[in-house]
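Read in our numbering, the sequence shown has 191 at position 106, and its numbers run on one by one without any break. Quick reminder that beta carbons are idealized off the backbone N, C-alpha and C, glycines included. All figures in this text were calculated on a predicted structure; none of them were measured in a lab.
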Amino acid sequence: MLCIFCKSKDVVRNGKRRRNVKTKQSYLCLNCERQFVEVDGFERMRHKPEIIARAVHQHEDGMSLSKVQNHLWQHDKVKVTRWTISQWTKKYSIFLKSNSSGIKARN
Ligand SMILES: [Zn+2]
Numbered sequence: 086m087l088c089i090f091c092k093s094k095d096v097v098r099n100g101k102r103r104r105n106v107k108t109k110q111s112y113l114c115l116n117c118e119r120q121f122v123e124v125d126g127f128e129r130m131r132h133k134p135e136i137i138a139r140a141v142h143q144h145e146d147g148m149s150l151s152k153v154q155n156h157l158w159q160h161d162k163v164k165v166t167r168w169t170i171s172q173w174t175k176k177y178s179i180f181l182k183s184n185s186s187g188i189k190a191r192n
């Protein structure tokens, strides 16, 4: 777990904070002393955020899942299934569109 603000590893668990239905782990960064909750976002993805973001955009621009998949393989040597790409699209399309204020978790 890295601090979402300064990327420091000096992060400690800081109790749980109730948010909607889900309970999220809250963290405190000892470096910048800011608090944040666990982000269901790019931090936990196996692939680079820019690769995911581009794949989502390409698919939303009308590129088929298999074309996006092929593009990922040709350009980035990233091998994912079409199912993975469609999951990214579902999970991140809203997130990417409204990502004006930095990192924000959306479910
Ligand atoms: Zn920090």
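Chain-order list of residues whose beta-carbon lies under 8 Å from that of C117 (same chain, five-residue window excluded): Taking the sequence shown and counting its residues from 1, the one referred to as residue 117 is at position 32. Closer than 8 Å at Cβ, skipping near neighbours: C88, F90, C91 and S93.
Residues proximal to ligand 1 by C-beta, any heavy atom closer than 5 Å: Here the list is C88, F90, C91, S93, C114, N116 and C117.
Contacting residues, own chain, Cβ-Cβ under 6 Å from F121 (five flanking each side not counted): The residue you call residue 121 lines up with position 36 of the sequence shown. Excluding sequence neighbours, F121 sits near I89 and Y112.
Beta-bridge pairing of V96 - partner residues as DSSP gives them: Numbered from its first residue, the sequence shown carries residue 96 at position 11. According to DSSP, which records beta bridges pairwise, V96 is partnered with C114.
Alpha-carbon to alpha-carbon, S151 and G187: Within the sequence shown, residue 187 is the residue found at index 102, counting from 1. Within the sequence shown, residue 151 is the residue found at index 66, counting from 1. Below a pLDDT of 50, predicted positions are generally treated as unreliable, and G187, at 45, falls in that range; no measurement from the model is reported.
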